[in-house]
Amino acid sequence: MKQNAIKKKATNLFIALALLSGCRGKQQEGYQQGPAEVLFGTVTTGNAAVQHEYASAIEGVSTIEIRPQVTGYLQRIFVDEGDYVQAGQALFQIEDRIFQEQLTNAKALLATAESNLLTAKIELDRKTALVSNKIVSDIQLQEAQARYAAAKASVAQARSAIASAKINLDFSIIKSPVNGYVGRFRYRLGSLLSPANQEAMTVISDIHQVYAYFSLSEADFVRFQRQHAGNTVAEKLRNAAPVSLLLADGEEYPIKGYIDAVEGQFNKSTGSITFRARFDNPKSELRSGNTGKIVMHQQLKDIPLLPIASTVSHQDKVFAYCVDKDNKVVQIPVSVSGKSGDHFIVRDGLKQGDRYIAQGFERLQPGMEVTAQKQINNQK
């Protein structure tokens, strides 16, 4: 009997504790169901410095293919891949024996032609004197004059052959047309070279300055034209601010560049237009074939600004939690046109004076009623 009484008391105590716990839970739920206090701010306008990045391909101001001008076997290579060479420096030599023989033969032909010219001149002078004395006819004189003219032509032809042979002999030494760096060799010693070869022997890249090519969308191009003074594209380019170059490792190239050319038309397949920026490259840090990003800087005035920390991003979309006129939470998609420091530049979705929840919005749901705790200053 005593055991039953003890069990009954324990059961009653458990039930009492459970009821007490349930009451406390309901009290806590009641507290949570009240309007949440939030820290909010107001969208303001201000000035902003923004930047836009565009992928770029880098080329030397002059990248020249080196090709043979005569046919022959590659006999010597004077430089190595990657060497820096001066304009006029010898790069390759094609076997020149045939060109030496051509020059020797041309010189021999010239000697023969000059001898024939001398003979023809003597004959012409003799016939001229005989015609004056009426010993030979005018026809014989005309024949002598024709032979003399032919001999003179032969001399000119022989001299031309010598000049041609010298040119071919000079072409057997292939020289660099510009200062620059030697590219990869496509042929090795003993290769048969010809002007008809499809591949160039190598390339020489003049990189004392480089071009960075990058493309703008049609919308960006329209914005570029509107933001820069000038009646023509050339004038707008002259008034454009310098651009920066981000290298492949993310570091900024220390020298600013200038946009100096725009392609004449849009690429129909990509809907973009190509710009060209020029950079000085005194230390040869940049090479043809490098890639990077062009950074275009822009100053904007009186534009809506929203702190980045007061937004959430989902699948490349930006959202802000705002407070409507009934003090309820509204999730609003915001279109942004870039960043300026720790602020988004608002293009659409919010306007000056709209209230946004600055902190603690992670625990809120759209439609919840909130109480404004205080307002923060949204100034950069």
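First residue of the sequence shown: -13, per my numbering; consecutive thereafter. Each residue gets a CB set at the ideal place from its N, CA and C atoms; glycine is no exception.
Which same chain residues, not among the five before or five after residue i, have their C-beta less than 6 Å away from its C-beta?
i	result
G216	K222 and N225
T105	none
S203	S258
A(-4)	Reliability fails at A(-4), whose pLDDT of 48 lies under 50, so the model's placement of it is uncertain and no value is given.
K287	N33
L291	G32 and H329
E348	none
S48	V164 and D192
If you drop the 5 nearest sequence neighbours on each side, which residues of the same chain put their C-beta closer than 7 Å to that of residue i?
i	result
V316	C308, D310 and P352
A43	Y199 and T277
K113	V122, Q126, L127 and A130
I50	P163, V164, V189 and I190
G339	T28 and V29
G236	none
Y134	A106, K107 and L110
M354	A22, K314 and V315
Hey, residue i and residue j: beta-carbon distance below 7 Å or not?
i	j	result
T57	S201	no
A388	L25	Any question about residue 388 goes unanswered here, given that the chain covers just -13 to 366.
V322	A22	no
I153	L77	no
V422	I280	The structure shown does not extend to residue 422, since the chain spans only -13 to 366, so no value can be given for it.
T31	R341	no
V141	L178	no
Q79	Q61	yes
I148	L96	yes
Do you know offhand how far residue i's Cα is from residue j's?
i	j	result
E185	R172	7 Å
N313	A35	34 Å
S255	F210	21 Å
N267	K138	56 Å
I294	D302	14 Å
Q72	I63	16 Å
K337	G68	57 Å
I84	E100	24 Å
H300	E271	39 Å
G346	S296	9 Å
S146	A182	25 Å
T98	A247	59 Å
V219	Q284	17 Å
Q86	A136	27 Å
H329	T260	30 Å
V65	Y167	10 Å
M187	L155	18 Å
G327	Q37	10 Å
E249	Y40	16 Å
S7	R333	Residue placement at S7 cannot be trusted, given a pLDDT of 47 that sits under 50; what the coordinates show is reported in the next sentence. Their Cα atoms are separated by approximately 52 Å.
V46	G169	Per the sequence shown, residue 46 should be read as Gly rather than Val. Cα to Cα, the separation comes out at about 12 Å.
I238	A227	Looking at the sequence itself, residue 238 is Glu, so the reference to Ile does not match. Roughly 16 Å separates the two Cα atoms.
R212	R174	54 Å
L89	A115	39 Å
H412	N253	This structure cannot speak to residue 412, because the chain is shown only from -13 to 366.
Of all the options the options, which has the alpha carbon lying nearest to the alpha carbon of residue i?
i	options	result
A144	F26, D328 and A94	A94
S150	P21, N91, L178 and G32	N91
M282	K325, S48, G166 and A142	K325
Y244	R212, Y197 and Q213	Y197
S274	N253, M354, A115 and I193	I193
F265	I148, I241, L286 and E249	I241
Y70	E238, K269 and Y239	K269
E81	L286, F157 and R333	F157
G74	N33, I52, Y59 and Y134	I52
R262	Q195, H214 and L175	Q195
Y59	S48, G176, N119 and H214	G176
Using a Cβ-Cβ cutoff of less than 8 Å, which residues in the same chain neighbour residue i once the five nearest sequence positions on both sides are dropped?
i	result
P319	K303, V304, F305 and G335
L350	A22, V24, Y307, V315, I343 and V356
V117	S123, D124, Q126 and L127
A205	none
I289	T31, G32, N33, A34, I331 and V332
Q251	I259
Does the ligand NAD have even one heavy atom less than 6 Å from the beta-carbon of residue i?
i	result
H194	In the structure shown, the ligand NAD is absent, as is every other ligand, since no ligand is present at all.
Open item on the list: Extract the residue ranges of the alpha helix (DSSP H) inside the segment 73 to 153, only unbroken runs of 4 or more that lie entirely within it.
Closed with: 83 to 118
Open item on the list: Just to confirm the assignment: which complete beta strand (DSSP E) runs, minimum length 3, are found wholly within the segment 198 to 268?
Closed with: 230 to 232, 244 to 248 and 258 to 266
- [ ] Could you tell me which uninterrupted beta strand (DSSP E) segments, each at least 3 residues in length, are contained entirely in the segment 274 to 317, listed from first to last along the chain?
- [x] 277 to 293, 297 to 300 and 303 to 309
TODO: Can you check the segment 24 to 78 for any beta strand (DSSP E) of at least 3 residues that lies completely inside it and give the ranges in chain order?
DONE: Counting only runs that start and end inside the segment 24 to 78, the beta strand (DSSP E) elements of at least 3 residues fall at 30 to 52 and 58 to 63.
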